[in-house]
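Undergrad: Residue numbers (our numbering): 50 to 336. Using N, Cα and C, we set each Cβ at its ideal position, and we do this for glycine too.
#1: Measuring alpha carbon to alpha carbon, tell me which residue in 57, 242, 195 and 229 is nearest residue 219.
#2: Tell me which same chain residues have a C-beta within less than 6 Å of the C-beta of residue 217, skipping the five on either side of it?
#3: Note down, in chain order, each residue of its chain lying with its Cβ closer than 7 Å to the Cβ of residue 278, except the 5 sequence neighbours on either side.
#4: List the residues that DSSP assigns as beta-bridge partners of residue 53.
#5: Just mark residue 94 as buried or exposed, buried being the case when its beta carbon has 16 or more other beta carbons within 10 Å.
#6: Residue 329 to residue 290, Cα distance in whole Å?
#7: According to DSSP, simplified to helix, strand and coil, what is residue 250?
#8: Residue range of the beta strand (DSSP E) that residue 205 falls in?
#9: Based on Cα-Cα distance, which residue from 295, 299, 297 and 305 lies nearest to residue 284?
#10: Just tell me which of 54, 191 and 115 has its CA closest to the CA of residue 107.
#11: Run through DSSP, which three-state label would residue 307 get?
#12: According to DSSP, is residue 106 part of a helix, a strand, or is it coil?
#13: Assess, as a yes-or-no matter, whether the segment 314 to 327 is touched by the segment 236 to 247 under the definition of 3 or more beta carbon pairs within less than 8 Å.
#14: Got a sec? Which residues, its chain only, sit under 8 Å from residue 165 by beta carbon, not counting five neighbours each side?
#15: Could you compute how far the alpha carbon of residue 193 sits from the alpha carbon of residue 177?
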């Protein structure tokens, strides 16, 4: 019998799942127990729930899989640091994040002192975890697989081919370029600053017209090979540290866009201000 505990931690929507002999037994997000939307940090209660549903203790777990690998894309990280020389605070923040992921065993021991974990911890590259979660539960023996989000292990997107039990990643888009950051930054610009507010922009978009497509193509220029890049004049995260905190469990993200974005699109909307037709048109253009 093989017991695998999956963990998503230190990020919004922290969660856990448990598989027994390849079959999903339980899965839960930590926010359900903490009553804090998008709760971040280590999902202690979600893990506890999964073990209880399976009738198991932590000592019964053979493997723990976490959806980050601090060693992934290491060469890219080093090259970026040498070439771009970002703010020292940004570097220190990345090192802190890597250290958190490297201490999963310590966190488990602290959270579950009565159930010593004797299995193995596996760090799965972030986008490979995304691709696997989609392909392995699909009805297909072979399929194109695509993952696009904010950032994970220094990459924001990955695509390739899934065949049987194998996934071959053919290409990635690396930090600082990210469609997720683009959407989050424009969400902030439109006056929705909270983590997870992107759905409000999606809801606003149908009330507008795509009158800002020229500006959007300037912000996210497409490349000849079909991939994308960000025009970094409009974003802060590539050179300086953007705050990402979860005081009390709720994730908070600092401002991602620069004054240059306001020079391009006009003044940013403050939270609570009236939503004008310009804001709706920008939302439609973003979408």
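TA: With the structure as the only source:
#1: Taking the chain shown and counting its residues from 1, the one referred to as residue 219 is at position 170. The residue with the shortest Cα to Cα distance from residue 219 is 195.
#2: Here residue 217 refers to the residue found at position 168 of the chain shown. Exclusion of the five residues before and after residue 217 leaves 209 and 210 as the residues of its chain whose Cβ lies within less than 6 Å of its Cβ.
#3: On the chain shown, residue 278 is found 229 positions in, with the first residue counted as 1. Only residues of its own chain outside the window of five on either side were considered, and among them 226, 270 and 272 have a CB closer than 7 Å to the CB of residue 278, listed in chain order.
#4: Taking the first residue of the chain shown as 1, we reach residue 53 at position 4. Answer by DSSP bridge pairing, in chain order: 68 and 112.
#5: Locating residue 94 in the chain shown gives position 45, counting from the first residue. Around the CB of residue 94, 16 or more other CB atoms lie within 10 Å, so the residue is classed as buried.
#6: Along the chain shown, read from residue 1 onward, the residue named residue 329 stands at position 280. Along the chain shown, read from residue 1 onward, the residue named residue 290 stands at position 241. If you take the alpha carbons of residue 329 and residue 290, they lie about 30 Å apart.
#7: Numbered from its first residue, the chain shown carries residue 250 at position 201. Assigned with DSSP and collapsed to three states, residue 250 falls in helix.
#8: Translated into the one-based positions of the chain shown, residue 205 becomes position 156. Where residue 205 is concerned, the enclosing beta strand (DSSP E) stretches over 204 to 212.
#9: Taking the first residue of the chain shown as 1, we reach residue 284 at position 235. Measuring from the Cα of residue 284, the nearest candidate turns out to be 305.
#10: By 1-based counting over the chain shown, the position of residue 107 is 58. If we check each option's Cα against that of residue 107, 54 comes out closest.
#11: Taking the chain shown and counting its residues from 1, the one referred to as residue 307 is at position 258. The answer is coil: DSSP assigns residue 307 none of H, G, I, E or B.
#12: Counted from its first residue, the chain shown places residue 106 at position 57. Correct three-state label for residue 106: coil.
#13: A contact exists between the segment 236 to 247 and the segment 314 to 327.
#14: By 1-based counting over the chain shown, the position of residue 165 is 116. Excluding five sequence positions before and after residue 165, the CB atoms of its chain that fall closer than 8 Å to its own CB belong to 107, 108 and 158, given in chain order.
#15: For the purposes of this step, residue 193 is taken as residue 144 along the chain shown, with counting starting at 1. For the purposes of this step, residue 177 is taken as residue 128 along the chain shown, with counting starting at 1. For the pair residue 193 and residue 177, the Cα-to-Cα distance works out to about 13 Å.
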